[in-house]
């Protein structure tokens with residue numbers, strides 16, 4: 002597991018060609034109050050060329066970051082530079098809002114060597130689409146998908162992969178099967194569905210998941226069923242556990258929850274009891290049904306589909322580190338993952354989390370392969386693969402000063418990597434690679 006993280010070169014580069022954007026999407030860290038303002042611009046050609054020593058080793062090159070890649074005037078040049086050095090099996094792609102795609106631009110991108118393009122499209126309802134993608138229009142996004150598909154056919158590029166990306170939220174869950182059908186009709190070959198990471202408090206209500214772990218939910222389900230069999234509701238625990246003079250029913254509730262906590266501790270399962278007891282089981286069922294229906298539609302129409310978890314998984318898996326990834330900011334700073342790429346605020350599991358970027362050096366100072374093999378970066382990757390982190394968002398003390406402060410030093414297990422409060426490795430979020 003994670004062999005690519007231990008190689009002498011990255012297998013995947015995610016390169017931020019620009020931080021400029023022509024939309025103001027709610028599901029973007031650009032809208033976070035903690036995002037550093039004013040750092041809007043394009044990656045210089047010299048910075049991109051500094052990545053060339055890594056190109057012969059790449060499985061994939063993703064030219065997406067904080068901004069809209071099609072705003073970069075040299076995007077086609079970057080693709081050509083990478084294509085001439087990358088192995089034939091290596092994939093070059095990006096995610097886009099599609100506003101700047103027409104037939105001529107699509108043909109130019111394909112001619113340069115583009116292999117994959119993923120258009121963000123969260124709803125087939127024009128009004129909901131505008132609410133999610135501020136400044137965007139469903140018609141423009143649809144036209145970009147059609148233009149890319151038509152260009153691939155005209156250029157004889159049967160190897161080109163066109164897809165759409167959907168951020169699942171309460172307001173579009175039931176649309177997922179329709180979006181899959183729509184994508185298939187437009188000639189797409191894959192669909193990526195991700196859960197929503199709220200970057201503002203107002204987006205919290207739209208998240209279609211709770212941060213309570215899968216094993217904690219299973220434990221709750223068993224003890225809740227036992228309580229129902231005994232005629233008590235353990236959901237009343239927060240209102241009764243501090244009462245001095247409890248009646249028999251209240252004592253039974255406290256006893257059941259105490260047993261649940263003891264079993265969790267014995268099995269190493271983190272519990273945030275108060276939040277766990279507030280869980281809305283109906284939301285998880287809605288998400289499970291929508292994801293299942295979308296998967297069935299994709300299978301029937303021959304589309305690849307990547308779906309997120311309904312609830313955070315206890316078995317962590319960091320696809321960034323395990324895939325041998327390095328993330329490159331437009332200025333040439335090297336980072337390990339999406340989570341630690343920028344400075345921003347988010348609401349992870351309902352808690353406000355201030356995130357600071359983790360940089361392992363700059364291309365202005367050292368080469369990409371030298372930076373990749375620096376002791377600090379190599380140790381970071383090796384330590385992540387141990388997955389010996391607490392589950393901060395399931396802790397009764399969440400979020401404590403160990404992980405809440407932006408300038409992270411260590412968690413309560415003495416780990417120097419700020420992964421304990423990251424939900425990416427629990428299967429909730431998906432992206433194009």
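Numbering (our numbering), first residue to last: 2 to 434. From the three backbone atoms N, C-alpha and C, an ideal C-beta is built for every residue, glycine too.
Alpha-carbon spacing of residue i relative to residue j, whole angstroms
i           : j           : result
residue 268 : residue 242 : 23 Å
residue 90  : residue 60  : 7 Å
residue 212 : residue 156 : 45 Å
residue 332 : residue 79  : 15 Å
residue 276 : residue 366 : 47 Å
residue 357 : residue 105 : 40 Å
residue 66  : residue 224 : 44 Å
residue 101 : residue 113 : 17 Å
residue 23  : residue 136 : 8 Å
residue 122 : residue 167 : 6 Å
residue 71  : residue 15  : 15 Å
residue 34  : residue 402 : 20 Å
residue 255 : residue 384 : 39 Å
residue 138 : residue 124 : 11 Å
residue 88  : residue 160 : 15 Å
residue 141 : residue 99  : 7 Å
residue 262 : residue 221 : 10 Å
residue 204 : residue 317 : 25 Å
residue 258 : residue 279 : 14 Å
residue 302 : residue 260 : 48 Å
residue 236 : residue 353 : 25 Å
residue 185 : residue 339 : 29 Å
residue 20  : residue 311 : 31 Å
residue 3   : residue 230 : 45 Å
residue 154 : residue 415 : 54 Å
residue 134 : residue 128 : 10 Å
residue 400 : residue 409 : 13 Å
Contact set for residue i: own chain, Cβ-Cβ below 6 Å, skip 5 residues either direction
i           : result
residue 378 : 361
residue 171 : 207, 209
residue 51  : 364
residue 245 : none
residue 322 : 6, 382, 385
residue 181 : 192, 295, 298, 299
residue 107 : 148, 149, 152
residue 145 : 99, 102, 120
Among the options, the one whose alpha carbon lies nearest that of residue i
i           : options            : result
residue 12  : 44, 30, 54         : 54
residue 18  : 165, 47, 278, 5    : 47
residue 190 : 202, 149, 221, 168 : 149
residue 158 : 129, 188, 330, 136 : 188
residue 430 : 374, 338, 308      : 308
residue 388 : 310, 426, 376      : 426
residue 193 : 306, 239, 343      : 306
residue 433 : 237, 345, 320, 231 : 320
residue 31  : 69, 15, 44         : 69
residue 41  : 204, 343, 372      : 343
residue 372 : 327, 317, 383      : 327
residue 36  : 88, 313, 341, 262  : 341
residue 233 : 382, 251, 240      : 251
residue 43  : 337, 73, 253, 26   : 73
residue 313 : 282, 176, 428      : 428
residue 345 : 3, 414, 28, 10     : 28
residue 284 : 414, 143, 169, 400 : 169
residue 458 : 45, 219, 154, 26   : As displayed, the chain neither begins before 2 nor continues past 434, which places residue 458 out of reach and without an answer.
residue 179 : 219, 240, 126      : 126
residue 183 : 253, 380, 143      : 143
residue 130 : 176, 164, 85       : 176
residue 202 : 355, 315, 247      : 355
residue 228 : 165, 253, 240      : 253
residue 239 : 273, 337, 249, 219 : 273
Cβ neighbours of residue i in the same chain (closer than 8 Å, five flanking residues each side left out)
i           : result
residue 271 : 214, 217, 265, 391, 392, 395, 396
residue 174 : 209, 287, 288, 291
residue 335 : 327, 328, 329, 360, 361, 362, 363, 364, 369, 372, 373, 378
residue 424 : 198, 212, 313, 349, 350, 394, 430
Residues near residue i by beta carbon distance below 7 Å, same chain, minus five either side
i           : result
residue 8   : 325
residue 404 : 393, 412, 419, 421, 422
residue 83  : 56, 62, 93
residue 77  : 109, 110, 113
residue 162 : 116, 117, 190, 191
Any non-hydrogen atom of the ligand NAP closer than 6 Å to residue i Cβ
i           : result
residue 268 : The ligand content of the structure shown is nil, which means the ligand NAP is not present either.
Exercise. Per the contact definition of three or more C-beta pairs closer than 8 Å, is the stretch 83–95 in contact with the stretch 112–119?
Worked result: Because the criterion of three Cβ pairs below 8 Å is met, the stretch 112–119 and the stretch 83–95 touch.
Exercise. Which parts of the stretch 122–146 are runs of the alpha helix (DSSP H), unbroken and 4 residues or longer, counting only runs that do not cross its ends?
Worked result: Complete alpha helix (DSSP H) runs here, min 4: 127–133.
Problem set entry | Continuous alpha helix (DSSP H) assignments of at least 4 residues falling wholly in the stretch 35–121 | Counting only runs of at least 4 residues, the stretch 35–121 fully encloses the following alpha helix (DSSP H) elements, listed from N- to C-terminal order: 46–50, 76–84, 104–113.
Problem set entry | Sufficient close CB pairs (3 or more, under 8 Å) joining the stretch 197–206 to the stretch 345–356 | With the cut-off at 8 Å, the stretch 197–206 and the stretch 345–356 touch.
Exercise. Which runs of the alpha helix (DSSP H) fall wholly inside the stretch 383–422 and span at least 4 residues, in chain order?
Worked result: Complete alpha helix (DSSP H) runs here, min 4: 402–405.
Exercise. Taking only runs of the alpha helix (DSSP H) that begin and end inside the stretch 306–353, which ones reach a length of at least 4 residues, in chain order?
Worked result: Complete alpha helix (DSSP H) runs here, min 4: 320–323.
For this session: Tell me the start and end of each unbroken alpha helix (DSSP H) in the stretch 232–296 that is at least 4 residues and wholly inside, in chain order.
Result: Scanning the stretch 232–296 from its first residue to its last, the whole alpha helix (DSSP H) runs of 4-plus residues come out as 238–241, 249–268, 274–278.
Exercise. Taking the runs of the beta strand (DSSP E) that are 3 residues or longer, which of them lie wholly in the stretch 143–231?
Worked result: Counting only runs of 3 or more, we get 162–169, 191–196.
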